[in-house]
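S.K.:
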Amino acid sequence: MKRIVFIVEGDTEIIFIQKCVMPYLYGKGFSNPMHAQKMLTNRKMNKKGGNVGFEYLKNEIARVAATKNVLITTFLDFFRLPTDYPAYTTDSHQIPVIEQAVKERISEMMDGSCFLPYIQRHEIESLMYTSMDGFDIVVDDDVSLKKLQRIIDQYPNPEDINGGAETAPSKRLLNIFPYEKTADAELILEVLEVEDIRAKCPRFDAWMEKLEEGLRNDRF
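As numbered in my numbering, the sequence shown has no gaps in its residue numbers, which increase by one up to the final residue, 378.
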């Protein structure tokens with residue numbers, strides 16, 4: 159049985175993996191050791207996380223792979239993805255092409271069957287629009303709640319929410335209420351059911367399906 163390591167960019171992603179994804183997988187009967195970590199970007203200063211380039215990702219994967227007997231996956235935001243990623247494009251519909259190019263590049267230095275790249279379209283905040291359950295916890299005025307409900311009604315697939323500079327999922331939250339990324343994200347995401355997110359977010363669902371298959375087979 160291999161352990162699985164989730165390589166992510168920031169604290170919100172760490173929270174989501176630890177509080178939502180891991181418990182969900184354990185609840186489905188998997189007993190693999192699981193760990194989430196941010197990418198190391200400055201070894202001397204022990205600086206981690208942020209929108210970091212492909213070389214940092216490649217180095218992080220190499221460090222994790224060197225520990226052996228491990229499966230590795232990523233949880234990265236497409237929004238502001240660095241331009242040095244293989245097959246880079248600003249077209250979010252081409253994310254699978256980027257993921258395949260990343261897997262091919264990583265496979266040049268290690269066994270590619272141990273690596274599953276996943277790039278979230280557009281930000282992790284898009285998943286929060288799965289339902290009002292999380293927003294009901296952190297928002298206490300009816301006007302703001304109605305605005306959030308309208309966005310949910312407008313986007314049956316939350317992954318389609320625009321990733322522009324002023325219309326990204328997080329910017330929409332900030333325009334509606336004083337959203338505090340780490341504190342509010344933890345409360346919102348922890349309330350949401352992973353099955354509900356999977357039902358509304360097809361890219362996320364496909365990633366989870368591949369994760370489960372990889373855990374069953376010890377390979378991706």
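Glycine included, each C-beta is placed from N, C-alpha and C at the ideal position. Small disclaimer: the values here were computed from a predicted structure and weren't measured.
For Thr231, count neighbouring C-beta atoms within 10 Å of its own C-beta (all shown protein chains included) and say buried if the count is 16 or more, exposed if not.
M.R.: As a first step, residue 231 must be located in the sequence shown, where it is residue number 73. It is buried - the Cβ of Thr231 has at least 16 other Cβ atoms within 10 Å.
S.K.: Ignoring anything shorter than 4 residues, give me the alpha helix (DSSP H) runs that lie fully in the segment 262 to 310, in order along the chain.
M.R.: With a minimum length of 4 residues, the continuous alpha helix (DSSP H) runs that stay inside the segment 262 to 310 are 293 to 296.
S.K.: Less than 8 Å separating the beta-carbons of Val163 and Gln195?
M.R.: In the sequence shown, residue 163 corresponds to position 5, counting from 1. In the sequence shown, residue 195 corresponds to position 37, counting from 1. Contact: yes.
S.K.: When DSSP labels each residue in this structure, what does Met192 get in the three-state scheme?
M.R.: For the purposes of this step, residue 192 is taken as the residue at position 34 of the sequence shown. It is a strand residue.
S.K.: Since Leu239 and Ile277 are thought to touch, with beta carbons under 8 Å apart, how far apart are those beta carbons, to the nearest angstrom?
M.R.: As a working note, residue 239 is residue 81 in the sequence shown. As a working note, residue 277 is residue 119 in the sequence shown. With 8 Å as the limit, Leu239 and Ile277 qualify as a contact, their Cβ atoms being about 7 Å apart.
S.K.: Any idea what DSSP makes of Asp169, helix, strand or coil?
M.R.: Taking the sequence shown and counting its residues from 1, the one referred to as residue 169 is at position 11. The answer is helix: DSSP assigns Asp169 an H, G or I state.
S.K.: What does the alpha-carbon distance come out to for the pair Gln176 and Thr170?
M.R.: Looking up residue 176 in the sequence shown gives position 18. Looking up residue 170 in the sequence shown gives position 12. Approximately 10 Å, taken between the alpha carbons.
S.K.: List the whole-angstrom C-beta distance separating Ile334 from Lys305, where the pair is believed to meet the contact cut-off of C-beta under 8 Å.
M.R.: As a position in the sequence shown, residue 334 is number 176, starting the count at 1. As a position in the sequence shown, residue 305 is number 147, starting the count at 1. About 5 Å separates the two Cβ atoms, so the contact holds.
S.K.: In terms of residue numbering, what span does the beta strand (DSSP E) encompassing Pro235 cover?
M.R.: Here residue 235 refers to the residue found at position 77 when the sequence shown is read from its first residue. One detail in the question is off: residue 235 reads as Asp in this sequence, not Pro. It spans 228 to 235 - the beta strand (DSSP E) in which Asp235 sits, taken as one unbroken run.
S.K.: What does Arg161 pair with, by DSSP beta-bridge criteria?
M.R.: The count along the sequence shown starts at 1 and reaches residue 161 at position 3. According to the DSSP secondary-structure assignment, Arg161 is paired through a beta bridge with Val228.
S.K.: When the Cα atoms are used, what is the spatial distance from Met267 to Ala224?
M.R.: Start at 1 with the first residue of the sequence shown, and residue 267 comes out as number 109. Start at 1 with the first residue of the sequence shown, and residue 224 comes out as number 66. Near 11 Å, if we compare the C-alpha coordinates of Ala224 and Met267.
S.K.: Just to confirm, are Leu347 and Phe236 a CB contact at a threshold of 8 Å?
M.R.: Counted from its first residue, the sequence shown places residue 347 at position 189. Counted from its first residue, the sequence shown places residue 236 at position 78. Their beta carbons are not under 8 Å apart, which means Leu347 does not touch Phe236 by this criterion.
S.K.: Buried or exposed for Arg374, going by 16 or more other Cβ atoms inside 10 Å?
M.R.: The residue given as residue 374 occupies position 216 in the sequence shown. By the beta-carbon neighbour count (other beta carbons within 10 angstroms, threshold 16), Arg374 is exposed.
S.K.: Any contact of the segment 281 to 289 with the segment 317 to 327, i.e. 3+ C-beta pairs under 8 Å?
M.R.: yes
S.K.: Suppose you measure from the CA of Phe273 to the CA of Leu215; what does that come to, to the nearest Å?
M.R.: By one-based count along the sequence shown, residue 273 stands at place 115. By one-based count along the sequence shown, residue 215 stands at place 57. Each residue's alpha carbon lies about 12 Å from the other.
S.K.: Whole angstroms is fine: what's the gap from Val210's alpha carbon to Phe362's?
M.R.: One-based indexing of the sequence shown puts residue 210 at position 52. One-based indexing of the sequence shown puts residue 362 at position 204. Using only the alpha carbons, I get a separation of about 21 Å.
S.K.: Since Lys186 contacts Glu370 with CB under 8 Å, what's their CB separation in whole angstroms?
M.R.: Position 28 of the sequence shown, counted from the start, is the residue given in the question as residue 186. Position 212 of the sequence shown, counted from the start, is the residue given in the question as residue 370. Correct: roughly 7 Å between the Cβ atoms.
S.K.: Tell whether a beta-carbon distance below 8 Å holds between Tyr243 and Ile264.
M.R.: As a first step, residue 243 is located in the sequence shown; it is residue number 85 there, counting from the start. As a first step, residue 264 is located in the sequence shown; it is residue number 106 there, counting from the start. For Tyr243 and Ile264, no; Cβs fall outside 8 Å.
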